[in-house]
Ligand code: TYM
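Residue numbers (our numbering): 14 to 350.
Here it is, written out as structure tokens:
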């Protein structure tokens, strides 16, 4: 039986980038494959959250993050397991063991670490080390598929390298997750998803960007969404065309709307390509996104904390069982047991 696993940090209200890049794809894959016997693990990496600032209360944010999945349509059945990372201590334990396999050279090459530490006079060790914790998150459950947005893909390669090196030294303990090309194929997309910043479409949309108008947050009201989309940077070609290389702004709008509607990009693009009415396109995109978001927000409001906590507690029993068994295998291989 194959395993699909992913996590989204709960540092604040999530962005539309998290939603379209990772959450909706995971919901779609989970609803399909959990019924075919795959094991699906969705966890909130709360230990990853504290590498950077947390807006509000982490425990409450964690509950809200799971509500997002449910409101996005995640169906629960016996193959879907939901848990909080810090409730499964084996993650931290395995992280330490893997730290002794990962090398400084490969960690120094992580783009996310470079970006997150850039311009800072000092940076916490967690920011440097979190990809190893991520490897532990994945390897403990022998995950084959890890649906992610484009910015996190490098960490899959790192996980594979660490696992292969460990297996070579200590024996075949870890299942190696699929390579990135296979991951992308499994997600059913042509390329890993990268939703861009509305003001500077060369950059990814990120919750840590200060400018409010550069990102859509999942709790934005329809009028706010419309204002942000109408103000999005486009180009001066005066003709709508999907091409991230030369027209990243307009391509981002087309891409977001297609993903939000759940239709293929070519189906959405064919109605607009070649036209010059940028304002009309923006209005249509704003309409698609704000309508769907309003609907999503209404569903969120109906989900209770109790419902979420019950799912966590159930999932944590399962996760501890699987994770502890794998950890013991690792400990034996290393000679700790
Ligand atoms: P995090 O919390 O930064 O992001 C969560 C997910 O959202 C995706 N994402 C995007 N996708 C497309 N366009 C964007 N603009 C965009 N912004 C964010 C991310 O790629 C990610 O998939 N380390 C991870 C969390 C994690 C994890 C794991 C994931 C910890 N352990 C194990 C999978 C497996 C992180 O910080 O993601």
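All residues carry an ideal CB built from backbone N, CA and C; glycine is no exception.
A quick note: this is a predicted structure, and the numbers were derived from the prediction, not measured.
Backbone CA spacing between residue i and residue j [nearest angstrom]
i, j, result
"residue 321", "residue 331", "16 Å"
"residue 260", "residue 247", "7 Å"
"residue 290", "residue 267", "13 Å"
"residue 194", "residue 99", "30 Å"
"residue 209", "residue 348", "47 Å"
"residue 108", "residue 149", "5 Å"
"residue 216", "residue 305", "24 Å"
"residue 142", "residue 213", "29 Å"
"residue 30", "residue 187", "31 Å"
"residue 18", "residue 329", "14 Å"
"residue 52", "residue 287", "44 Å"
"residue 110", "residue 135", "26 Å"
"residue 203", "residue 350", "45 Å"
"residue 69", "residue 184", "44 Å"
"residue 24", "residue 223", "15 Å"
Paired residues, beta bridge with residue i - DSSP
i, result
"residue 2", "Not covered by the structure: residue 2. The range shown for the chain is 14 to 350."
"residue 217", "209"
"residue 28", "230"
Cβ separation of residue i and residue j, assumed to be a contact under 8 Å, to the nearest whole Å
i, j, result
"residue 230", "residue 40", "19 Å between Cβ atoms; not a contact."
"residue 162", "residue 207", "6 Å"
"residue 175", "residue 196", "That belief does not hold up - the Cβ atoms of residue 175 and residue 196 are roughly 17 Å apart, past 8 Å."
"residue 60", "residue 171", "Between residue 171 and residue 60 the Cβ distance is about 17 Å, and since that is not below 8 Å, they are no contact."
"residue 95", "residue 325", "6 Å"
"residue 313", "residue 133", "That belief does not hold up - the Cβ atoms of residue 313 and residue 133 are roughly 34 Å apart, past 8 Å."
"residue 144", "residue 35", "With a Cβ gap of about 16 Å, residue 144 and residue 35 do not count as contacting."
"residue 271", "residue 277", "7 Å"
For residue i, three-class secondary structure by DSSP
i, result
"residue 172", "helix"
"residue 247", "coil"
"residue 158", "strand"
"residue 123", "coil"
"residue 102", "coil"
"residue 240", "helix"
"residue 363", "Lying before the first or after the last residue shown, residue 363 is absent from the chain, which here runs from 14 to 350."
"residue 187", "coil"
"residue 85", "coil"
"residue 67", "coil"
"residue 309", "helix"
- prompt: When the Cβ atoms of the region 294-311 are set against those of the region 230-241, are three or more pairs found closer than 8 Å?
  reply: yes
- request: Please determine if the region 103-113 and the region 77-94 are in contact, where contact requires at least 3 C-beta pairs separated by less than 8 Å.
  value: no
- request: State whether the region 150-157 contacts the region 339-346, with contact taken as three or more CB pairs (one from each stretch) at a distance under 8 Å.
  value: yes
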